[in-house]
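Peer 1: What follows is a single structure, and I will ask about it in a moment.
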Amino acid sequence: MDDEFKVAHGEAVGTVAAQSISEPSTQQVLRSFHFAGLGSALVTTGLPRIIELVDAKKEPSTPLTTIYLLPGYKDNVDKANAVLKKLDSVKVSDVALRIVESFDKNILRVVLSKNKLKLYELTPLKVAERIEKVFKLKTAVKENKIIIKTKKIGIREMRLLSTRIMKLLIRGIENSGKAQLNIAPNGELYIIIYGNNLEEYMKIEGVDTRRIYCNDPFAVYRTFGIEAARNTILKELKLTMDNLGISLSPRHLMLLVDAMTSRGIIMGVGRHGLVGAKKSVLARAAYEETVKHLTKAAAIGEVDPIKGVTESGIVGKQISLGTGSIKLAVKNINKSE
Amino acid sequence: MLHAEAIKAIRFGLFSPEQIKRMSVAKITVPEVYNEDGYPIEGGLLDQRLGVIDPGLVCKTCGAKAKTCPGHFGHIELVRPVIHPEFGKFIYLLLQATCSSCHRLLLDDNEIKEFKELIHKELTREETINDVNITNALSNKVKYIKKCPHCGAVQKKIKFTAPTEFYIENTPLKPNEIKDWLAAIPDDDLKTLGIDPNVTRPEWAILTVLLVPPVNVRPSITLETGERSEDDLTHKLVDIIRTNQRLEQYINAGAAQLIIDDQEALLQYHITTYFNNETAGLPAARQKTGRALKTLAQRLKGKEGIFRYNLIGKRVNFSARTVISVDPYINIDEVGVPREVAERLTLPFYVTEWNIDKAREWVSRKEYPMALDIIVNGQRKRILDTNRDEVLKELKPGDIIERQLVDGDFVLFNRQPSLHRISMMAHRVRVLPGRTFRVNDITTLPYNADFDGDEMNLHVPQSLEAIAEAKYLMHEAKQIFSPRDGRPIIALFEDQIGSAYILSLPTTKLKKEEAEYLLGLSGVYELPDEVDGAYLGRDIFSLLFPKDFTFETDDIKIRKGRLIEGKLTKKTLESIYKALGAKYGFEVLQDFLFKAGKLTTAFLTLYGITVGVNDYMLDEKKEKAREEIISEALTKAKELYEKYKAQELQPLPGSTLKETYEKMLISILVDARSKAENFIKSNYDISNHAYLMAISGGRGSEVNLSQISFFLGQQLTLSGTRLKRGYYSKRILPFTEPFNTSDIIDKGFVTTNFYRGLSLRDMFSHAAGSRDSEIEKSLVTARSGYMNRRLNNALQDYYVYPDLSVRDHDNFLIETIYGGDGIDPTKVELLKYIKKE
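Here you go:
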């Protein structure tokens, strides 16, 4: 490759990256619509998604995992459905029509829907057993109703209990929502599930652990480590940008993602992340929480080395980027007088 | 004067009372500011030893006048110690962490060692200590220690009520008790906590002497009425002195403890609000008018604070701002500067042995362009008619002349908001009559400017380095390709593309006079070969290419500088720019763009692109097609509904029956408009100029045409569903039939068009979508602005190291090779065209 095409030494690529990412987002109308991108799954996109990723929010608003299946499962609908059944979480509220509280008799009645029970292949007895096991309460089944005898408790406790019963998982995986089976263009079956409990998904037989993909960087970081998390953020950012129709050289996103993960953990760009990790007191004070940073620096006798862009600008020093990264020495030739 | 480059580092710390007294030039004791004669009182807050602000006066400390006196600090001796409010948390931490009797750190030797390492990591920021900081780590540890590991004393519980009250086992802890306690903490223990005891001793956070800032920090203003109005800080300091005095009187008079305590609390309040008038839990101190005082913390904080307003962004000289207007006949790297501006802006001219003749010429001129000032040995002097001869006589190498701006000088041109680096580029000056900056229309794209009253800024780089950087790095010609995606950002646009498209058609033929007019205007002084007694438009355009330019893609063929096949569209033009840039460099490309801009604009004066009602009116055939498309969609929708109702619909994987129906219905309805678009594509030609603009890529698309002439199509909400919100009866609007789930039209399938107008319910359907996106837009601007700021702050220190890795100024490695390949993002696209050769 010609040297002519290489980046110039000292080029402030960080600023270029930041501007390249944020400039189009102020120009275009970034619609925050949820799109039916994968099957009918609704995923946050647009600016809210970009901000979520860049901020390194610990809990993304729509964690979603794509589970590919092993050979033998990916082309067999019955077997794939068996995997799906293990993944798909069914709550009491999914099969219940309503829950009735009798405060005087200390009884909770859960009325179940026949159709729903059929859909999820459940019986009232199974549901009752589950409730009995988790809450350690006596239950009785009467046709479609489960009658739960509670201890003598107040109205408040009763309400709490009834909501907790409705949220009870009959089957499926903790911290996950609905799962659904989809068909890829190449005819392969795969599963999409709301949730990020990667470890649990991978324990299920038939799941291709090498191709599993989750859109939550922190979940990926916990299970696969920082490099995988870096790739996840990059991929998600790229996907979001592409969906918005913003053309952007991938190097800008790469730089951002590398900066966010170069310390071995995922750091956001805000005051608790990359900016907060700056050495310079002045740079931090100029960014946010001015007084806090200054007083803390004074209390412990901190030293600001004045090397970065913001601090140099404040004191009027030449910025050490770009042409400022090069120092010239002049050889003093004595002029013959 | 201290030169900024000499600053190696800045150390933060606390002033000890002794230091304060040492640096103070005046002890302030009098709460009054002026005496009866309106003169500053000695020992008052405007004591002339603290510096002067009135132009005539002389500073009593340094003897300098208002402009040169830097100001000097004074001090107030407080009768009782007072807690510095901003250090409340810090004091609390130390009280918790140290023994109440021996004042050692409540950690045993092992823990101390452990802790030292942790602190070291945090201070050097070697490792990421995300949520760990000394405060949290220490207070978590210390909370559970009941007994001092050093002297064995049982620890009592310390309580802290923000901002300044402390209790030990519910008895109040007085500031002087705290002071003694903190003073007894040994230096070694402070070091463990990461505190440098040579710079900061914690007891200094308890104030016994208060530093009074110089007067030029808090200047008083004289109103028109001759009344003087003091700065907020001065007001606050007056309060402090008064309260302090009264407290002293009470103590000397032996007043009741209760009264003294009250007065002490008042002093504490005044000092707290003096530092920060937004302290949580305290009422803000107010002016008589009810406005909260702006005290020290408020001066520093936030967007209008000292940091962001005065230190990060600074006001500059040698700049100009005015309205911009178009001029397609100045080059794209030029800027038309009004004479008035050029006369006032100057550039330094360094007189040397070699250019002294030129310098004399500058000085001797009596009208524009002339030299305005001369700087001899650092002394600036105006060059006037009265002293011109004298200046001329004494002119010698080493002098600096300040001359007016002339054609060809490099200046920086900028339009706000400066969202990316190409919002500020270097242009060559072209002095023109008029009062606006003149800009070539092609140049508006990177600035995102238009001419509806936009104003732009101009800066004149003064040093030789700055001029060189402007010329070689920021020059407009070097910014044709955007660093964002490597695509051209300075390029023909809108009707210029339409014009180029027409020119490139083989049927476009021009008369000799026309060809001469176009080419002459574009600065090309030759004619192409004649074809059948006329000149082909594409041959005329081809003259702008270099003679040996050969370039072929699937869409376009250029051989030896002649366009042989293909049409000029936005897409093909873009590939031409890249090829030209790759092969001939940016100067040639810039020249091409300039000439092509002039040529295409001039051609429009002959040909003209315009649209009329006829372009959007549907003839019988088209009207029939429109009706067919609509009725087809409606029948299909109805069939689907029947199927859905009869439960014959096969649900899509993962969807319920209802969801499946919705999805399939939406795809049918959305499809209807693409059918209209396809009809336009196959039935319209470029005699319809709206269509011409669409296919050439200049502006608009088939969507616009179909919405004007055919129908608007299905209106979707932001979440991609049909309109569904509304009444209990499942209808959207009150006048529609209730419980009609099959109603396609009511739920946003708009069959009317802009040409004939929307029906009432269609208007509502359309407005629902518009309203959604309008709301979204207003939210997005604020959010993206903040994201912009955070990203910039987070990434601004990263740059390319000579080995092409990306690092920050501490050599912290971010990327081993920039972008994985080390290629300049503005040249990525060009690289592809080099390889093709």
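Chain order of the listed sequences is X and H.
Going by the numbering used here, 63 is the number at position 63 of the first sequence; the sequence numbering is gapless.
Going by the numbering used here, 1138 is the number at position 138 of the second sequence; the sequence numbering is gapless.
Ideal Cβ placement from N, Cα and C applies to all residues, glycine included.
Treat the numbers as computed from the prediction; the structure is a model and nothing was measured.
(1) Based on Cα-Cα distance, which residue from H:A1285, H:L1266, H:D1619 lies nearest to L1234 of chain H?
(2) Please check the pair T1098 of chain H and I1185 of chain H, which I expect to be a contact at CB under 8 Å, by giving their CB distance rounded to whole angstroms.
(3) For a cutoff of 8 Å on Cβ pairs, would you count P1219 of chain H as touching chain X?
(4) Who are C1151 of chain H's beta bridge partners in DSSP?
(5) With distances taken from CA atoms, which of X:I51, X:H252, X:I192, X:V77 is nearest L87 of chain X?
(6) From the beta carbon of K149 of chain X, is the nearest beta carbon of chain H less than 8 Å away?
(7) Evaluate the contact criterion for the segment 1309 to 1318 of chain H versus the segment 1285 to 1295 of chain H: three or more CB pairs, one atom per stretch, below 8 Å.
(8) Please specify which runs of the beta strand (DSSP E), each continuous and at least 3 residues long, are wholly inside the segment 1450 to 1534 of chain H, giving them in chain order.
(9) Under 8 Å Cβ-Cβ, which residues of chain H neighbour I306 of chain X?
(10) Enumerated in chain order, which unbroken segments of the beta strand (DSSP E) with a length of 3 residues or greater are wholly contained in the segment 65 to 104 of chain X?
(11) Where K1396 of chain H and R1365 of chain H are concerned, what is the direct C-alpha to C-alpha distance, given to the nearest angstrom?
(12) Identify the contact partners of R1484 of chain H in chain X, using a Cβ-Cβ distance below 9 Å as the criterion.
(13) Could you tell me whether the Cβ atoms of R1047 of chain H and A1064 of chain H are closer together than 8 Å?
(14) Is it the case that the segment 49 to 57 of chain X contacts the segment 186 to 201 of chain X, given that we only count it when at least three CB pairs across the two stretches are under 8 Å?
(15) For the alpha helix (DSSP H) containing F1603 of chain H, list its first residue and its last residue.
(16) Quick one: is E236 of chain X near chain H, going by C-beta distance under 8 Å?
(17) Select from the segment 1092 to 1119 of chain H all residues with a C-beta closer than 8 Å to any C-beta belonging to chain X, and list them in chain order.
(18) Give the residues of chain C in contact with V275 of chain X, contact being defined as C-beta atoms less than 9 Å apart.
(19) Use the C-beta contact count for D1746 of chain H: other C-beta atoms within 10 angstroms, 16 or more gives buried, fewer gives exposed.
(20) Using a Cβ cut-off of 7 Å, which residues of the segment 1291 to 1306 of chain H contact any Cβ in chain X, in chain order?
(21) Identify which residue in H:Y1501, H:P1528, H:E1516 has its Cα closest to the Cα of D1555 of chain H.
(22) Taking just the CA atoms, how far does V83 of chain X sit from T1279 of chain H?
(23) Determine the chain H residues that contact T287 of chain X at a beta-carbon separation under 7 Å, and present them in chain order.
(24) Within the same chain, show all residues whose beta-carbon is closer than 8 Å to that of V141 of chain X, passing over the 5 residues directly before and after it, in chain order.
(25) Can you pull the chain H residues whose beta carbon is under 8 Å from the beta carbon of S325 of chain X, in chain order?
(26) Nearest to R1538 of chain H by CA position, among H:R1562, H:K1638, H:L1518, is which residue?
(27) Going along chain H, which residues have a C-beta under 8 Å from F218 of chain X?
(28) Go to N106 of chain X, then tell me how far its alpha helix (DSSP H) extends in each direction, as first and last residue.
(29) Could you tell me how far apart the beta carbons of G1597 of chain H and D1441 of chain H are, in whole angstroms, since I believe they sit closer than 8 Å?
(30) Residues of chain X with a CB under 7 Å from the CB of F990 of chain H: which are they?
(31) Using beta carbons (cut-off 8 Å, strictly below), is E52 of chain X in contact with chain H?
(32) Along the segment 1806 to 1820 of chain H, what residues have a CB closer than 8 Å to any CB found in chain X?
(33) Can you find at least 3 beta carbon pairs, one from the segment 1428 to 1435 of chain H and one from the segment 1333 to 1340 of chain H, that sit closer than 8 Å?
(34) Would G313 of chain X pass as an interface residue toward chain H - the criterion being a Cβ-Cβ separation below 8 Å?
(35) Looking at the unbroken alpha helix (DSSP H) that takes in K292 of chain X, where does it start and where does it end?
(36) Report the neighbours of A8 of chain X on chain H: residues whose CB is nearer than 8 Å to its CB, in chain order.
Peer 2: Taking the structure as given:
(1) Stepping through the second sequence from its first residue, residue 1234 of chain H is reached at position 234. Here residue 1234 of chain H is Thr; the residue named in the question, Leu, does not match the sequence. Cα-wise, what sits closest to T1234 of chain H is H:A1285.
(2) Locating residue 1098 of chain H in the second sequence gives position 98, counting from the first residue. Locating residue 1185 of chain H in the second sequence gives position 185, counting from the first residue. Their Cβ separation, rounded to whole angstroms, is 5 Å, which keeps T1098 of chain H and I1185 of chain H in contact under 8 Å.
(3) The residue labelled residue 1219 of chain H in the question sits at position 219 within the second sequence. Not an interface residue.
(4) Sequence index remark: in the second sequence, residue 1151 of chain H carries index 151 (1-based). In DSSP, C1151 of chain H forms no bridge with anything.
(5) As a first step, residue 87 of chain X is located in the first sequence; it is residue number 87 there, counting from the start. Nearest option by C-alpha distance: X:I192.
(6) What you label residue 149 of chain X is simply residue 149 of the first sequence in a count that begins at 1. Chain H, which has no Cβ nearer than 8 Å to the Cβ of K149 of chain X, makes this no.
(7) no
(8) 1455 to 1459
(9) Position 306 of the first sequence, counting from 1, holds the residue named residue 306 of chain X. Those are I1007, K1008, A1009, I1010, listed as they occur along chain H.
(10) 96 to 102
(11) The residue labelled residue 1396 of chain H in the question sits at position 396 within the second sequence. The residue labelled residue 1365 of chain H in the question sits at position 365 within the second sequence. Cα to Cα, the separation comes out at about 17 Å.
(12) Numbered from 1 along the second sequence, position 484 holds the residue referred to as residue 1484 of chain H. Within 9 Å Cβ-Cβ: V16, Q19, S20, I21, E23, P24, I246, S247, L248, S249, H252.
(13) On the second sequence, residue 1047 of chain H is found 47 positions in, with the first residue counted as 1. On the second sequence, residue 1064 of chain H is found 64 positions in, with the first residue counted as 1. First, the residue type needs correcting, since residue 1047 of chain H is Asp and not Arg in the sequence shown. Their beta carbons are not under 8 Å apart, which means D1047 of chain H does not touch A1064 of chain H by this criterion.
(14) no
(15) The residue given as residue 1603 of chain H occupies position 603 in the second sequence. Start and end: 1586 to 1606.
(16) Along the first sequence, read from residue 1 onward, the residue named residue 236 of chain X stands at position 236. For E236 of chain X, the answer is no, since every Cβ of chain H falls outside 8 Å of its Cβ.
(17) none
(18) Looking at the structure shown, chain C is missing, and the protein chains on hand are X and H.
(19) As a position in the second sequence, residue 1746 of chain H is number 746, starting the count at 1. With 16 or more other Cβ atoms within 10 Å, it is buried.
(20) A1297, L1300, K1301, G1305
(21) Looking up residue 1555 of chain H in the second sequence gives position 555. It is H:Y1501 whose Cα lies nearest to the Cα of D1555 of chain H.
(22) Residue 1279 of chain H sits at position 279 when you count from the first residue of the second sequence. Residue 83 of chain X sits at position 83 when you count from the first residue of the first sequence. Cα-Cα distance, rounded: 58 Å.
(23) Residue mapping note: residue 287 of chain X aligns to position 287 of the first sequence, counting from 1. The sequence shown places Tyr at residue 287 of chain X, rather than the Thr named in the question. Here the neighbours are N1793.
(24) Your numbering for residue 141 of chain X matches position 141 in the first sequence. Only P124, L125, A128, I147 meet the Cβ criterion.
(25) In the first sequence, counting from the first residue as 1, residue 325 of chain X sits at position 325. The answer, in chain order, is Y1799.
(26) For the purposes of this step, residue 1538 of chain H is taken as the residue at position 538 of the second sequence. Of the candidates H:R1562, H:K1638, H:L1518, the one whose C-alpha sits nearest the C-alpha of R1538 of chain H is H:R1562.
(27) Locating residue 218 of chain X in the first sequence gives position 218, where the first residue counts as 1. Correct list: empty, because the minimum Cβ distance to chain H is about 13 Å.
(28) Here residue 106 of chain X is taken as the residue at index 106 of the first sequence, counted from 1. Taken as a continuous stretch (DSSP letters only), N106 of chain X belongs to no alpha helix (DSSP H), as it is neither H nor E.
(29) As a first step, residue 1597 of chain H must be located in the second sequence, where it is residue number 597. As a first step, residue 1441 of chain H must be located in the second sequence, where it is residue number 441. Yes, G1597 of chain H and D1441 of chain H are in contact; Cβ-Cβ is about 7 Å, under 8 Å.
(30) Outside the displayed range of chain H (1001 to 1837) lies residue 990 of chain H, so it cannot be described from this structure.
(31) Residue mapping note: residue 52 of chain X aligns to position 52 of the first sequence, counting from 1. Output row for E52 of chain X: interface = no.
(32) V1806, D1808, H1809, D1810, F1812, L1813, I1814, E1815, Y1818, G1819, G1820
(33) yes
(34) Taking the first sequence and counting its residues from 1, one reaches residue 313 of chain X at position 313. G313 of chain X counts as touching chain H.
(35) Working through the first sequence from its first residue, we reach residue 292 of chain X at position 292. Looking at the DSSP string, the run of the alpha helix (DSSP H) that includes K292 of chain X is 290 to 300.
(36) As a working note, residue 8 of chain X is residue 8 in the first sequence. Result: V1800, D1824.
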